[in-house]
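Colleague: Numbering (the UniProt record's numbering), first residue to last: 1 to 503. Virtual Cβ for every residue (Gly too), placed ideally from N, Cα, C. For reference, the structure I am asking about is given below.
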Amino acid sequence: MLCYNGPRDFVVYPNLKSIKMHEREAFEVVMKEVQLGRIAGPFLDKPFLNLRVSPVGLIPKKDGSWRLIHHLSYPSGESVNDHIDDIFCKVKYTSFDTALEMLAKLGPGAIAARLDIKSAFRLLPIHPSDFELLGYKIGDYYFVDKCLPFGCSISCSLFEKFATFLEWELKRRSGSECIVHYLDDFLLAGAANSDGCIELMACYSNLCEELGVPLAPEKTIGPATCLTFLGLEIDTVQMLVRIPQEKLDKLKSALLAILNKKKTNLKDLQSLSGLLSFCSRAIPSARAFNRRFYDAMTGLKKPFHRIRVTLEMKEDVNMWLSFLDNFNGCSFYEISDWVDSDSLQLYTDSAGNIKMGCAAIFETHWVFLPWPIEWKGEDVMRDVTFLELIPIVLAFFIWGEHIKKKRILLYTDNLALVSVLNKKTSKSKRIMQLLRPLVLISMYSEIQFKAIHIEGKSNIKADALSRRQWVRFHRAFPSADGSPMLVPPKFQNLLYSAALLKS
Numbered sequence: 001m002l003c004y005n006g007p008r009d010f011v012v013y014p015n016l017k018s019i020k021m022h023e024r025e026a027f028e029v030v031m032k033e034v035q036l037g038r039i040a041g042p043f044l045d046k047p048f049l050n051l052r053v054s055p056v057g058l059i060p061k062k063d064g065s066w067r068l069i070h071h072l073s074y075p076s077g078e079s080v081n082d083h084i085d086d087i088f089c090k091v092k093y094t095s096f097d098t099a100l101e102m103l104a105k106l107g108p109g110a111i112a113a114r115l116d117i118k119s120a121f122r123l124l125p126i127h128p129s130d131f132e133l134l135g136y137k138i139g140d141y142y143f144v145d146k147c148l149p150f151g152c153s154i155s156c157s158l159f160e161k162f163a164t165f166l167e168w169e170l171k172r173r174s175g176s177e178c179i180v181h182y183l184d185d186f187l188l189a190g191a192a193n194s195d196g197c198i199e200l201m202a203c204y205s206n207l208c209e210e211l212g213v214p215l216a217p218e219k220t221i222g223p224a225t226c227l228t229f230l231g232l233e234i235d236t237v238q239m240l241v242r243i244p245q246e247k248l249d250k251l252k253s254a255l256l257a258i259l260n261k262k263k264t265n266l267k268d269l270q271s272l273s274g275l276l277s278f279c280s281r282a283i284p285s286a287r288a289f290n291r292r293f294y295d296a297m298t299g300l301k302k303p304f305h306r307i308r309v310t311l312e313m314k315e316d317v318n319m320w321l322s323f324l325d326n327f328n329g330c331s332f333y334e335i336s337d338w339v340d341s342d343s344l345q346l347y348t349d350s351a352g353n354i355k356m357g358c359a360a361i362f363e364t365h366w367v368f369l370p371w372p373i374e375w376k377g378e379d380v381m382r383d384v385t386f387l388e389l390i391p392i393v394l395a396f397f398i399w400g401e402h403i404k405k406k407r408i409l410l411y412t413d414n415l416a417l418v419s420v421l422n423k424k425t426s427k428s429k430r431i432m433q434l435l436r437p438l439v440l441i442s443m444y445s446e447i448q449f450k451a452i453h454i455e456g457k458s459n460i461k462a463d464a465l466s467r468r469q470w471v472r473f474h475r476a477f478p479s480a481d482g483s484p485m486l487v488p489p490k491f492q493n494l495l496y497s498a499a500l501l502k503s
């Protein structure tokens, strides 16, 4: 079922220009689907009195063939997709990081393979009661989709459920957990010098054959130690991820182009943002430098809408160019053990009173930053997430060199801060002003961090320090250095500029 809840009346909308330009090719594509039983037709008369005839279009595929797209988002406000509740269309895909974690656990030289399902969406049949919603017309003939169409808002969600079942059943049959999928792409793996990957491939092929799910053998890669998954190259011997050179060149060209502009349009900025999002899979921390581009597009809908390229946006463009020059589109994914802040003896805390401040402790070293008196009564003192982020960034500023190449778990009782630190982004401009340098330090010092929420975590030393409770602090921390570390002037300037921004 498409979960459609709207009118079911006869209506006809014109096709996209690509159909008019390639009507013969469109007819050939459709007739192949008719022969496979996925489309009903051709009909000279409409097969349902209330048939909805939506536009279709053709998109060229890399192999030279064509893909038919059913434009079920037309017309805006009255389309099929407009009457399918978003709650049914939400999808949580497997992240690229999940695939890397799986391979990292197998160690260097892991053997992997990628297998694609052929005609993925088109394998799932539509309930006959919804046939009347999926009509279209090519030339004088009517057709009706009987299988999940490209262009329906619920298609990804429905197919993802099916693919998740396939992964679950494959894990059950094989007894292996070395399986991840992203829609119709399956990544299977086994340890180096083992038959684990080959056995998984055989098990998956048997499962698909049993269920009538065709695989695309021409797209199968592996078993191998170097392959492409979700568009990125994975080398399990060197344990690194590479952005393909073609994508790197395209991104550099787009970044340099916008750097020389005062204004751009929505279409070009969307294209650049898509490239940045893709490349952020290989350089996850760089996501922090994408936010300004997304903010600039807020509220705009038309591709020709003009957008001013601000100085701040150009700063992020230069930051990305720096990443690409320094990291050359590569990042290592070797997974070392996570160390928590207790093991590192790294503690931070903030007090919410203007007469107090924030504190950071590393081993026997400590630093205290009093809140500026200018913040009294200001909105910044009510921004708890920002206040609690300050000592974390301060700690990285001062001791970043001492925690190089660590994977650090940061504990906090602030759920909002957990989200900010883990996603490396925030809608708050104030928070982003601090988050960007935090990410930059972590990248150049090869530090990975993630936050974990712990309700009411005991943090006596940093708590006492942030509240100026000196006696309590020294009683709890007798081995502390006799004098504090100095707050770097660069950090103070950064903090004041961040506080001036709205949350």
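In whole angstroms, what separates the C-alpha of D481 from that of H402?
Modeller: Spanning the two alpha carbons is a distance of roughly 17 Å.
Colleague: What residue ranges within the stretch 350-417 form continuous alpha helix (DSSP H) runs of no fewer than 4 residues, ordered along the chain?
Modeller: Complete alpha helix (DSSP H) runs here, min 4: 384-399.
Colleague: Determine the direct distance from the alpha carbon of Y74 to that of Y4, and round the result to whole angstroms.
Modeller: The straight-line gap from Cα to Cα measures roughly 15 Å.
Colleague: Would you call the stretch 386-398 in contact with the stretch 479-497, where contact means no fewer than 3 C-beta pairs closer than 8 Å?
Modeller: Yes, since at least three Cβ pairs between the stretch 386-398 and the stretch 479-497 fall closer than 8 Å, the two stretches touch.
Colleague: For S331, which beta-bridge partners are listed by DSSP?
Modeller: The partner list for S331 (beta bridge, DSSP) reads V241.
Colleague: Would you identify the three-state DSSP class for E455, choosing helix, strand or coil?
Modeller: Three-state DSSP puts E455 in coil, outside helix and strand.
Colleague: Where does K450 fall in DSSP's three states?
Modeller: If DSSP states are grouped into helix, strand and coil, K450 belongs with the strands.
Colleague: To the nearest angstrom, how far is it from the Cα of residue 527 to the Cα of L255?
Modeller: Nothing can be reported for residue 527: it is not among the residues displayed for the chain, which extend from 1 to 503.
Colleague: Comparing alpha-carbon positions, which option in G64, I19 and S65 lies nearest S54?
Modeller: For the residues G64, I19 and S65, the minimum Cα distance to S54 belongs to I19.
Colleague: The beta strand (DSSP E) with W66 in it runs from where to where?
Modeller: Note, W66: beta strand (DSSP E), W66 to H70.
Colleague: Leaving aside the five residues before and after S479 along the sequence, list all residues of the same chain whose C-beta is less than 8 Å from its C-beta, in chain order.
Modeller: Same-chain partners within the cutoff: T364.
Colleague: Apart from the five residues just before and just after A451, which ones in its own chain have a Cβ nearer than 7 Å to its Cβ?
Modeller: For A451, where only same-chain residues beyond five positions count, the Cβ hits under 7 Å are L410, T412, L417, V418, L421 and N422.
Colleague: Looking at S273: is its Cβ nearer than 9 Å to the Cβ of N290?
Modeller: Yes, Cβ-Cβ distance for S273 and N290 is below 9 Å.
Colleague: Which residue comes first and which comes last in the alpha helix (DSSP H) that contains I268?
Modeller: Note on residue identity: the sequence assigns Asp, not Ile, to residue 268. Looking at the DSSP string, the run of the alpha helix (DSSP H) that includes D268 is L266 to C279.
Colleague: Quick one: using the 10 Å Cβ neighbour count with 16 as the cut-off for buried, is K146 buried or exposed?
Modeller: Looking at its Cβ environment, which holds 16 or more other Cβ atoms inside 10 Å, K146 is buried.
Colleague: Using DSSP bridges, identify the partner residues of Y444.
Modeller: Paired residues: none, contrary to the question.
Colleague: Ends of the beta strand (DSSP E) at L232?
Modeller: L232 -> beta strand (DSSP E) spans L232 to D235.
Colleague: Taking P284 as the reference, which of N326, A296 and Y333 has the closest Cα?
Modeller: Ranking N326, A296 and Y333 by Cα distance to P284 puts Y333 first.
Colleague: Does the count of Cβ pairs from the stretch 169-189 and the stretch 135-152 closer than 8 Å reach three?
Modeller: Touching, no.
Colleague: For the beta strand (DSSP E) containing A224, list its first residue and its last residue.
Modeller: I221 to A224 is the span of the beta strand (DSSP E), which, as asked, contains A224.
Colleague: Looking only at its chain, what residues have a beta carbon closer than 8 Å to the beta carbon of Y297, apart from the 5 residues adjacent to it on each side?
Modeller: Note that residue 297 is Met in the sequence shown here, rather than Tyr. The answer, listed in chain order, is L266, L269, Q270, S273 and I307.
Colleague: Is it buried or exposed, A202, if we count other Cβ atoms within 10 angstroms and call 16 or more buried?
Modeller: A202 comes out exposed.
Colleague: Write down every uninterrupted run of the beta strand (DSSP E) in the stretch 100-188 whose length is 3 residues or greater and which is fully enclosed by it, in chain order.
Modeller: Listed in chain order, the complete beta strand (DSSP E) runs (minimum 3 residues) inside the stretch 100-188 are 111-116, 135-138, 141-145 and 179-182.
Colleague: So what's G57 in DSSP terms, helix, strand or just coil?
Modeller: Strand.
Colleague: Less than 9 Å separating the beta-carbons of L248 and G329?
Modeller: Against a cut-off of 9 Å, the Cβ pair of G329 and L248 comes out as a contact.
Colleague: Output needed for H453: all residues of its chain with C-beta closer than 6 Å, excluding positions within five of it in sequence on either side, in chain order.
Modeller: So the qualifying residues of the chain are L415 and V418.
Colleague: Just to confirm, is the Cβ distance from F121 to F165 under 9 Å?
Modeller: No, the Cβ-Cβ distance between F121 and F165 is not below 9 Å.
Colleague: Should G357 go down as buried or exposed, given a rule of 16 or more other Cβ atoms within 10 Å for buried?
Modeller: So G357 ends up on the buried side.
Colleague: Quick one, are the C-beta atoms of V237 and T225 less than 9 Å apart?
Modeller: It is a contact, given that the beta carbons lie within the stated cut-off.
Colleague: State yes or no: is the C-beta of D97 within less than 9 Å of the C-beta of F186?
Modeller: Taking 9 Å as the Cβ cut-off, D97 and F186 do not qualify as a contacting pair.
Colleague: Using the C-alpha atoms, what's the distance from C279 back to residue 528?
Modeller: In the structure as shown, the chain begins at 1 and stops at 503. Residue 528 is therefore absent and cannot be evaluated.
Colleague: In angstroms, rounded to a whole number, what distance separates the CA positions of A359 and T425?
Modeller: Going by the C-alpha atoms only, they are around 23 Å apart.
Colleague: Please report the distance separating the alpha-carbon of L68 from that of K118.
Modeller: Approximately 15 Å between the Cα atoms of the pair.
Colleague: Let me know if P60 comes out buried or exposed under the rule of 16 or more other beta-carbons within 10 Å of its beta-carbon.
Modeller: P60 is exposed by the Cβ-count criterion.
Colleague: Determine whether the beta carbon atoms of V487 and R430 lie at a separation below 9 Å.
Modeller: The answer is no: Cβ separation not under 9 Å.
Colleague: How would you call V384, buried or exposed, if buried means at least 16 neighbouring beta carbons within 10 angstroms?
Modeller: With fewer than 16 other Cβ atoms within 10 Å, it is exposed.
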